[in-house]
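Undergrad: Following this message is one structure expressed as structure tokens.
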Amino acid sequence: MEHAATDNIPFSSLGLDLQILRAIEEQGYTTPTPIQAQAIPHVLANRDLMAMAQTGTGKTAAFTLPLLQRLLPHASTSASPARHPVRALILAPTRELAIQVGESVEAYSRHVPLRSTVVFGGVDIKTQKPALLKGVEILVATPGRLLDHVESRNLMLNQVQILILDEADRMLDMGFMPDLKRILTLLPRQRQTLLFSATFSDEIKKLAQDFLVQPVMVETARRNAAQETVKQSVLLVEHDKKLNVLVDLIRSRGVNQVLVFTRTKLTAAQLARMLNRDGIAADAIHGDKSQLERIKALDAFKSGATSVLVATDVAARGLDIDQLPLVINYELPPHAEDYVHRIGRTGRAGASGEAISLVDDSDARRLKDVEKLLKRELPREQAAVSSALRSSHRHAATPVHSKKSAAGDDWFMKPYEPSPVSAKKAEERPAARDEKPKKQIAALLRK
Ligand code: AMP
112 MEHAATDNIP FSSLGLDLQI LRAIEEQGYT TPTPIQAQAI PHVLANRDLM
162 AMAQTGTGKT AAFTLPLLQR LLPHASTSAS PARHPVRALI LAPTRELAIQ
212 VGESVEAYSR HVPLRSTVVF GGVDIKTQKP ALLKGVEILV ATPGRLLDHV
262 ESRNLMLNQV QILILDEADR MLDMGFMPDL KRILTLLPRQ RQTLLFSATF
312 SDEIKKLAQD FLVQPVMVET ARRNAAQETV KQSVLLVEHD KKLNVLVDLI
362 RSRGVNQVLV FTRTKLTAAQ LARMLNRDGI AADAIHGDKS QLERIKALDA
412 FKSGATSVLV ATDVAARGLD IDQLPLVINY ELPPHAEDYV HRIGRTGRAG
462 ASGEAISLVD DSDARRLKDV EKLLKRELPR EQAAVSSALR SSHRHAATPV
512 HSKKSAAGDD WFMKPYEPSP VSAKKAEERP AARDEKPKKQ IAALLRK
């Protein structure tokens with residue numbers, strides 16, 4: 112199975128126990144796949160996770176490895192079933208997938224004293240009972256058979272700490288929603304939930320709303336698809352001319368939706384502000400913005416009220432903004448992998464799209480990294496700086512680096528602050544973990 116390395120992070124840097132690393136090595140894996148590199152740290156940090164990943168991406172190890180790590184403190188060599196309650200429940204839509212996942216769990220856990228088993232329909236339920244009665248920490252199951260076992264009192268689910276929904280989209284397609292809802296009532300409310308799906312359909316978003324709490328989104332880049340349908344180019348531009356060139360580009364292309372990427376939250380906020388001053392309706396989404404503000408920004412972008420959305424890589428993850436005609440990299444990302452992710456936002460589903468990167472001297476190394484990852488050189492062109500900005504803030508293109516511009520406008524020196532209206536709205540949010548966030552996520556994900 113071929114997998115691209117993600118910046119060549121070694122497995123050993125992910126904080127996994129030596130016995131887990133040993134099992135990985137025995138599988139012949141050398142570097143984590145992108146989904147593994149992205150997901151494992153979040154799972155270890157006890158975050159809920161919504162991951163868009165197909166079979167073949169290495170998703171099984173992406174959830175199993177950190178799951179094993181998290182359960183290690185509970186590992187016991189005792190023979191008593193009471194010492195081996197189900198602590199991790201992995202739900203899969205089909206017996207084939209359940210078996211496959213079960214085999215992976217077994218392989219990855221071979222050197223740690225955690226027990227696992229697999230239950231699925233279509234076979235005599237009695238054959239599965241002994242393993243359950245002996246006690247298992249990790250249970251892989253299809254939903255219907257799991258409920259049969261619960262009814263037969265072969266197992267309890269009240270100590271489950273981690274729930275994994277694998278191929279969630281298929282589970283819904285197969286009509287498992289009622290079963291899933293019943294299973295949910297049997298689990299502790301305080302738990303970690305990980306959802307893996309090949310697509311983020313409206314139904315999946317609804318499921319996430321019901322099952323997950325403030326999930327982190329991770330998405331594997333659609334490397335090939337994006338590269339085939341997206342016209343990519345590089346505009347070489349002096350650092351302090353970037354804003355002029357960006358404004359020119361936005362105006363001259365005549366497209367009504369442009370996604371602009373920056374490296375930092377500060378640049379994102381400043382850029383949106385400068386574009387607005389120049390008569391281009393823009394907003395920013397980044398990590399310092401409240402969920403409400405992000406929802407507002409995204410809705411405005413989708414409805415056409417704003418034509419430019421400026422985003423950081425983290426804030427753009429998992430956002431459902433498909434089919435964009437134009438993505439502009441105002442700055443190249445620190446991780447080349449993110450470039451592929453960014454340009455994957457355009458040219459989806461066979462539609463043509465364009466991705467333009469504004470590259471100055473300080474971006475040179477990052478451009479090299481991107482080209483190395485793409486295994487090709489991108490066409491370069493010298494940017495023509497034609498129009499003067501309408502606003503007087505011409506130096507705003509360099510807000511982060513330019514002391515001169517910062518001195519000219521106090522605003523640049525301030526950390527991000529929400530606007531009074533959205534700040535007030537944010538205050539209205541209840542703080543309780545499982546109340547409002549679900550609604551906010553749903554709105555954020557809504558098409
Ligand atoms: P999955 O997407 O979980 O079904 O995994 C697809 C295949 O990738 C399986 O055959 C795994 O054994 C293999 N695999 C998973 N992680 C890695 C890795 N880091 N390096 C190489 N192969 C892997």
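Start counting the sequence shown at 112; every next residue gets the next number (our numbering).
Where is the CB? At the ideal position from N, CA and C, for every residue including glycine.
Is any heavy atom in the ligand AMP found nearer than 7 Å to the beta carbon of Tyr140?
TA: True, at least one ligand heavy atom lies under 7 Å from that Cβ.
Undergrad: Would you mind giving the Cβ-Cβ distance between Ala319 and Gln165, rounded to the nearest angstrom? I have them listed as a contact below 8 Å.
TA: No, Ala319 and Gln165 are not in contact; Cβ-Cβ is about 18 Å, not under 8 Å.
Undergrad: At which residue ranges does the stretch 302-366 contain complete alpha helix (DSSP H) runs of 4 or more residues, listed in the order of the chain?
TA: Whole alpha helix (DSSP H) segments, 4+ residues: 313-322, 334-340, 353-364.
Undergrad: Is Ile131 closer than 8 Å to Ala148 when the C-beta atoms are compared?
TA: No, the pair does not count as a contact, with Cβ atoms beyond the cut-off.
Undergrad: Closest to Met267 by C-alpha separation, out of Leu183, Glu314, Lys240, Val438, would be which residue?
TA: Closest option to Met267, Cα to Cα, is Lys240.
Undergrad: Assuming Thr253 contacts Arg198 (C-beta within less than 8 Å), just tell me the rounded distance between them.
TA: Wrong, their Cβ atoms sit about 19 Å apart, outside the cutoff.
Undergrad: For the candidate residues Ser473, Ser191, Gly455, whose alpha-carbon lies nearest to that of Glu465?
TA: Answer by Cα proximity: Gly455.
Undergrad: So which of Ala193, Thr304, Leu291 has the shortest CA-CA distance to Leu178?
TA: For the residues Ala193, Thr304, Leu291, the minimum Cα distance to Leu178 belongs to Thr304.
Undergrad: Anyone know if the C-beta pair for Val358 and Tyr441 falls short of 8 Å?
TA: Contact flag unset, no.
Undergrad: Is Ala172 near the ligand AMP, judged by its Cβ being under 7 Å from some heavy atom?
TA: For the ligand AMP, at least one heavy atom lies less than 7 Å from the Cβ of Ala172.
Undergrad: Since Val369 sits in a beta bridge, which residues does DSSP pair it with?
TA: Answer is Val419, Leu437.
Undergrad: With three or more beta-carbon pairs closer than 8 Å as the criterion, would you say the stretch 150-164 touches the stretch 256-264?
TA: Segments in contact, no.
Undergrad: From which residue to which residue does the alpha helix (DSSP H) around Asp394 run?
TA: Counting along the chain, Asp394 falls outside any alpha helix (DSSP H), though it belongs to the beta strand (DSSP E) covering 393-396.
Undergrad: Does the beta-carbon of Val329 have 16 or more other beta-carbons within 10 angstroms, so that it is buried, or is it exposed?
TA: Classification for Val329: buried.
Undergrad: Classify Gly365 as buried or exposed, calling it buried when 16 or more other Cβ atoms lie within 10 Å of its own Cβ.
TA: Burial call: exposed.
Undergrad: May I ask whether a heavy atom of the ligand AMP can be found less than 7 Å away from the beta carbon of Gly169?
TA: Because some heavy atom of the ligand AMP lies under 7 Å away, the Cβ of Gly169 counts as near it: yes.
Undergrad: With hydrogens ignored, establish whether the beta-carbon of Thr238 is closer than 7 Å to any heavy atom of the ligand AMP.
TA: Result no, Cβ not under 7 Å from the ligand AMP.
Undergrad: Quick one, which of Thr175, Gly232, Lys316, Glu349 has its alpha-carbon nearest Tyr219's?
TA: Of the candidates Thr175, Gly232, Lys316, Glu349, the one whose C-alpha sits nearest the C-alpha of Tyr219 is Thr175.
Undergrad: For Gly464, list the residues DSSP reports as bridge partners.
TA: According to DSSP, Gly464 bridges with Val341.
Undergrad: Which residues bound the alpha helix (DSSP H) around Glu207?
TA: 206-219 is the span of the alpha helix (DSSP H), which, as asked, contains Glu207.
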